[in-house]
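**Q** Protein chains in written order, with the working numbering: chain F, 1 to 418; chain X, 419 to 851. Glycine included, every Cβ here is placed at the ideal spot set by N, Cα and C.
#1: Is there a C-beta anywhere in chain F that falls below 9 Å from the one on residue 430(X)?
#2: When you compare only the Cα positions, how much space is there between residue 98(F) and residue 15(F)?
#3: Name the chain F residues that come within less than 7 Å of residue 452(X), Cβ to Cβ?
#4: Counting along the chain, where does the beta strand (DSSP E) carrying residue 573(X) start and finish?
#5: Using DSSP with H/G/I as helix, E/B as strand and the rest coil, what is residue 63(F)?
#6: In chain F, which residues lie with their C-beta within 7 Å of the C-beta of residue 515(X)?
#7: Give me the chain F residues within the contact set of residue 534(X), using Cβ-Cβ distance strictly less than 9 Å, ordered along the chain.
#8: Between residue 494(X) and residue 790(X), what straight-line distance do the alpha-carbon atoms span, to the nearest angstrom?
#9: Residue 421(F) to residue 183(F), Cα distance in whole Å?
#10: Quick one: using the 10 Å Cβ neighbour count with 16 as the cut-off for buried, is residue 47(F) buried or exposed?
#11: Excluding the 5 residues preceding and the 5 following residue 261(F) in the sequence, name in chain order all residues of the same chain whose CB lies nearer than 6 Å to its CB.
#12: Cβ closer than 7 Å: which chain F residues qualify as neighbours of residue 555(X)?
#13: Determine the direct distance from the alpha carbon of residue 554(X) to that of residue 562(X), and round the result to whole angstroms.
#14: Alpha carbon to alpha carbon, how far is residue 660(X) from residue 585(X)?
#15: Per the DSSP calculation, residue 204(F) is bridged to which residue(s)?
#16: For residue 123(F), list the residues DSSP reports as bridge partners.
#17: Rounded to the nearest angstrom, what separates residue 164(F) and residue 237(F) at their Cα positions?
#18: Quick one: list the residues of chain F neighbouring residue 814(X), beta-carbon separation under 7 Å, in chain order.
#19: Would you call the segment 756 to 773 of chain X and the segment 715 to 727 of chain X in contact, with 3 or more CB pairs under 8 Å?
#20: Anything in the segment 226 to 250 of chain F with a Cβ closer than 8 Å to a Cβ of chain X? List those residues in chain order, please.
#21: In chain F, which residues lie less than 9 Å from residue 423(X) when you measure between Cβ atoms?
#22: Tell me whether residue 583(X) sits in a helix, a strand or coil according to DSSP, three-state version.
#23: Near residue 36(F), what residues of its chain come up, given a Cβ to Cβ distance below 6 Å and the 5 sequence neighbours on each side ignored?
#24: When the Cα of residue 472(X) is compared with those of 522(X), 454(X), 648(X), which residue comes out closest?
#25: Short check: CB of residue 76(F) to CB of residue 201(F), under 9 Å?
#26: Can you find at least 3 beta carbon pairs, one from the segment 399 to 412 of chain F and one from the segment 270 to 284 of chain F, that sit closer than 8 Å?
#27: With a threshold of 8 Å, are at least 3 pairs of Cβ atoms found where one atom belongs to the segment 580 to 595 of chain X and the other to the segment 318 to 328 of chain F?
#28: Going by other Cβ atoms of all chains shown within 10 Å of its Cβ, with 16 needed for buried, is residue 825(X) buried or exposed?
#29: Tell me which same chain residues have a C-beta within less than 8 Å of the C-beta of residue 380(F), skipping the five on either side of it?
#30: Please state if the CB of residue 762(X) and the CB of residue 621(X) are separated by a distance shorter than 9 Å.
#31: Comparing the C-beta of residue 851(X) with each C-beta of chain F, is any distance below 9 Å?
#32: Using a Cβ-Cβ cutoff of less than 8 Å, which residues in the same chain neighbour residue 846(X) once the five nearest sequence positions on both sides are dropped?
#33: If the cut is a Cβ gap below 8 Å, which residues of chain F does residue 779(X) touch?
#34: I believe residue 102(F) touches residue 28(F) by the beta-carbon criterion, under 8 Å. Please report the beta-carbon distance rounded to the nearest angstrom.
#35: Please tell me whether residue 685(X) has its Cβ less than 9 Å away from any Cβ of chain F.
#36: DSSP three-state label for residue 166(F), please.
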């Protein structure tokens with residue numbers, strides 16, 4: 001059940017006896033920009049490191065240990081046009097440890113973190129600021145050491161090349177980070193608390209009344225909170241963007257980006273899910289079977305869709321000399337789906353896999369939260385479990401074929417060895 | 419079927435050893451949509467020299483356990499993923515140093531999926547052609563890991579600590595070693611290690627245990643297995659003197675990565691299972707006191723910029739080996755490894771090792787334990803490790819509560835020795851002038 005706290009702030013309680021824990025999750029959402037992404041990422045490091053009343057990491061960690069090893073962290077993410085700062089905390093349900101007030105203490109802890117940060121005279125404490133900034137710069141510079149991540153960031157940069165904000169990852173840019181000051185971050189903090197939309201979630205064996213009473217103690221400011229269209233759209237371009245990067249790697253990566261123009265609130269989302277499952281979403285998909293298993297060209301070859309940006313990506317790890325063979329095979333798989341070459345068995349299998357995936361997600365506290373978050377933002381898409389499964393099950397071959405015909409290749413990124 | 423009730427964690431576990439030797443665990447979990455099945459053999463990448471009591475031993479190519487894992491998915495009539503797909507389940511497998519495990523997650527057709535799991539693992543199909551074809555895929559997998567600095571860092575320190583022991587070899591082997599693998603080799607390994615008496619089956623989900631056990635019993639009764647023979651595994655004997663104290667490699671990374679390792683020796687271990695579990699728990703608590711994020715040592719290293727959030731440590735305890743590794747990205751690898759080594763060697767006199775911290779960290783450990791029980795996969799994986807005899811994952815809360823500070827100090831005496839340390843650095847490529 002979802003309870004409005006004030007305009008732009010809501011509390012959703014998901015009572016369940018399944019878990020031995022209680023999960024608290026607070027998400028701050030704002031229109032994504034390059035500048036905000038960078039400063040908000042640094043803000044999460046600062047808020048996670050210490051606070052006014054827990055001035056060192058060890059004091060903060062000791063409090064978490066005291067709360068029976070509560071898990072706590074902040075991170076950033078992106079969905080369509082939104083930039084999100086996520087605060088999460090998981091505590092053991094008090095009944096297992098004979099400490100009934102553990103949830104109440106967890107809320108008090110989050111209150112310290114969010115409302116009493118280590119700020120003095122309108123700026124973050126200087127030593128912490130300098131150290132966390134330095135650490136974050138080092139971290140961002142090392143992100144590309146993971147070559148799958150590098151390839152995935154590069155293909156997005158290429159696909160969104162005309163939009164400075166959208167091509168920036170959720171964690172921002174090192175060059176922007178270097179310029180930030182301790183007082184800039186105070187402003188970032190203030191803005192987030194006062195202007196972001198806030199979705200609060202609690203999952204576990206607790207009554208909504210108890211949860212509401214505790215959450216009411218968080219002193220959120222009254223104000224106008226900025227909302228936006230969650231979906232990002234961009235026009236098609238008539239030329240495919242290509243980029244090749246050479247680094248000292250053994251395995252090459254070939255990543256592709258396609259425009260789908262299909263969004264979360266569109267009925268075509270369901271045929272798109274089936275299409276993706278058949279194309280490269282599952283181990284029985286055409287990419288897995290033909291690129292990896294039959295041609296033995298790759299260790300991984302898969303596809304995924306983003307229905308908040310109308311995007312589909314394909315990712316492969318291959319031997320660099322097989323680039324054109326791999327490319328031809330990927331195109332052949334898509335062409336086959338465009339011709340509607342889908343057996344009844346393949347269709348049934350993909351539906352069964354999607355159903356399984358959906359039901360599995362109901363066992364995961366964070367998946368339950370993500371579904372509710374989208375219901376808060378897109379109330380018109382709200383549906384029962386049965387309705388969702390009916391949508392999946394009723395997709396026809398022709399609808400899948402139509403989706404396959406609608407996707408268009410926009411960008412190709414290739415990482416090769418020297 | 420043996421039924422065991424664990425009040426403190428509110429779980430009931432069912433256990434049975436079948437006539438063919440297969441050990442079966444069933445854990446009912448009300449309200450979960452998911453049923454998770456894990457079928458695991460006590461056979462991993464390090465088991466490369468083996469045989470039966472009284473017979474001569476065989477040596478097989480590195481990476482064969484993992485290769486076998488891949489090949490079991492392929493049958494004469496196609497890929498087993500297809501069958502799981504038809505039954506709406508997702509399936510996977512993984513190979514570690516000491517185990518190979520096959521699994522499915524399903525929300526429907528649990529019986530069909532469980533029987534598919536048993537049948538595909540118990541009906542091998544290897545031909546020279548399918549074996550050859552797999553070499554390309556696994557070659558790609560090996561290369562992918564070779565490009566991963568974290569993986570290279572881990573195997574870098576293992577190579578120093580275990581220069582002869584197969585633990586230092588990549589689980590998937592090397593491109594050269596897998597090239598030697600034949601279908602006959604796969605059958606040899608299969609027949610030795612996939613005997614039911616060397617395997618464990620764990621089922622967890624919203625199931626009826628009696629019914630599930632009957633499915634398994636009927637399935638197993640319809641198959642023939644050779645008689646149970648005792649498996650012998652042989653490993654090179656190594657001494658502390660053979661540890662390589664330092665090595666480094668260069669890779670395209672931005673900052674140096676440093677690891678400090680300590681090798682444990684099996685002869686230092688207590689002999690009975692419970693004492694070994696106390697030892698493992700004791701080391702974990704001791705390391706938390708000395709270097710965990712509540713310690714002054716950690717704060718000091720963090721604030722002086724020697725470590726950052728990439729710092730981490732782990733104590734690994736498995737069949738036949740145990741070691742600890744401490745790693746970080748840092749611009750001062752020497753200062754990092756020297757500081758950590760000094761802190762560890764000084765554990766007896768460190769002011770952090772006191773009753774107050776011990777009590778706090780026991781509390782933390784207990785809480786983390788309860789959080790981990792949300793994951794059905796974690797529960798199943800832990801159970802099939804089967805390292806401590808009758809002591810299982812579900813006995814841990816009581817054991818944690820009974821731990822004393824003295825247990826930690828005794829474990830430290832057994833494990834932390836100056837001669838057992840090694841350092842490994844992964845450095846950025848030198849810029850060409």
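**A** In short:
#1: no
#2: 20 Å
#3: 360, 363
#4: Element bounds for residue 573(X): not the beta strand (DSSP E) but the alpha helix (DSSP H), 567 to 579.
#5: Look at residue 63(F) here: in three-state DSSP terms it is helix.
#6: Ordered by position in chain F, no residue passes the 7 Å Cβ test against residue 515(X), which lies about 21 Å from the chain.
#7: By Cβ distance, chain F contributes nothing, its closest Cβ being about 13 Å from residue 534(X), past 9 Å.
#8: If you draw a straight line from the Cα of residue 494(X) to the Cα of residue 790(X), it comes to about 39 Å.
#9: Nothing about residue 421(F) can be read from this structure; chain F reaches only from 1 to 418.
#10: buried
#11: 310
#12: 292, 296, 299
#13: 12 Å
#14: 15 Å
#15: 15(F)
#16: 120(F)
#17: 16 Å
#18: What residue 814(X) touches in chain F: nothing, since even the nearest Cβ is about 13 Å away.
#19: yes
#20: 247, 248, 249, 250
#21: Per Cβ cutoff of 9 Å: no residues; residue 423(X) is ~15 Å from chain F at best.
#22: coil
#23: For residue 36(F), where only same-chain residues beyond five positions count, the Cβ hits under 6 Å are 83.
#24: 648(X)
#25: no
#26: Because the criterion of three Cβ pairs below 8 Å is met, the segment 399 to 412 of chain F and the segment 270 to 284 of chain F touch.
#27: No: the two stretches stay apart, fewer than three of their Cβ pairs being nearer than 8 Å.
#28: buried
#29: 265
#30: Note that the C-beta distance between residue 621(X) and residue 762(X) is not below 9 Å.
#31: Below a pLDDT of 50, predicted positions are generally treated as unreliable, and residue 851(X), at 48, falls in that range; no measurement from the model is reported.
#32: 668, 669, 670, 671, 672, 673, 674
#33: By Cβ distance, chain F contributes 65.
#34: Not quite, the Cβ-Cβ distance comes to about 25 Å (not below 8 Å), so this is no contact.
#35: no
#36: Looking at residue 166(F) - three-state DSSP - the assignment turns out to be coil, as it is neither helix nor strand.
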